[in-house]
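Following: one structure in structure tokens, then a few remarks.
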Amino acid sequence: MARLLFGGILTLLVLSITACSSLVLIPTYELVFKAVSMQLEQAQQELEQKLDLDFEGFTIEHLVINQQQALTIENLPGYHVEGVYDLKVKLPSRQITQTHNHFNIYLQIQKEGKSWRLLIPEKSGENQPLVWRGYLII
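When we follow our numbering, the leftmost residue of the sequence shown carries the number 1413, and every step to the right adds one.
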């Protein structure tokens, strides 16, 4: 009887260790929010330079994740995440509100499993493979 009990406990211990080691990390709401903010900051900086605009900042509200799809990008696990958000852009003379903006981002967890990157696909040329630019999400 003691042997059977010991065997059962040992089996449960092995199963719990195995389950912990195969833990899958998925992007959190906060991570997606930061990634969308990073993408908007980049777009804002480009617009400021090209159009000589003076943005005073923006606010993201009501971000909703509609879909998360697991995939592999350059041999590391990643996610394609889609959803919508509302945006308030502050300009010197007024504030603009846009509702139901669509976002479409790629996120990748790094090898050590502690940090994520926002990946932006770029086509390097016709008939060329996709090139990914990565930005550490802090």
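Ideal Cβ positions, reconstructed from N, Cα and C, are used throughout, including at glycine. Computed from a predicted model, the values in this text were never measured in an experiment.
Using 10 angstroms around the beta-carbon of Ala1455, count the other beta-carbons present and answer buried if the total reaches 16, otherwise exposed. Walking along the sequence shown from the start, residue 1455 turns up at place 43. Ala1455 is exposed by the Cβ-count criterion.
Starting from Leu1542, trace the beta strand (DSSP E) in both directions and tell me its first and last residue. For the purposes of this step, residue 1542 is identified with residue 130 of the sequence shown, where counting begins at 1. Residues Leu1542 to Leu1548.
Return yes when the Cβ of Tyr1518 is within less than 8 angstroms of the Cβ of Gly1495, no when it is not. To locate residue 1495, count along the sequence shown from 1; it is residue 83. To locate residue 1518, count along the sequence shown from 1; it is residue 106. No, the Cβ-Cβ distance between Gly1495 and Tyr1518 is not below 8 angstroms.
Measure the Cβ-Cβ separation of Leu1503 and Ser1527 and say whether it is below 8 angstroms. Taking the first residue of the sequence shown as position 1, residue 1503 is located at position 91. Taking the first residue of the sequence shown as position 1, residue 1527 is located at position 115. The Cβ-Cβ distance between Leu1503 and Ser1527 does not fall below 8 angstroms.
Going by other Cβ atoms of all chains shown within 10 Å of its Cβ, with 16 needed for buried, is Val1493 buried or exposed? Working through the sequence shown from its first residue, we reach residue 1493 at position 81. Val1493 comes out buried.
Gln1520 bridges to which residues according to DSSP? Residue 1520 sits at position 108 when you count from the first residue of the sequence shown. In DSSP, Gln1520 forms a bridge with Gly1490 and Arg1529.
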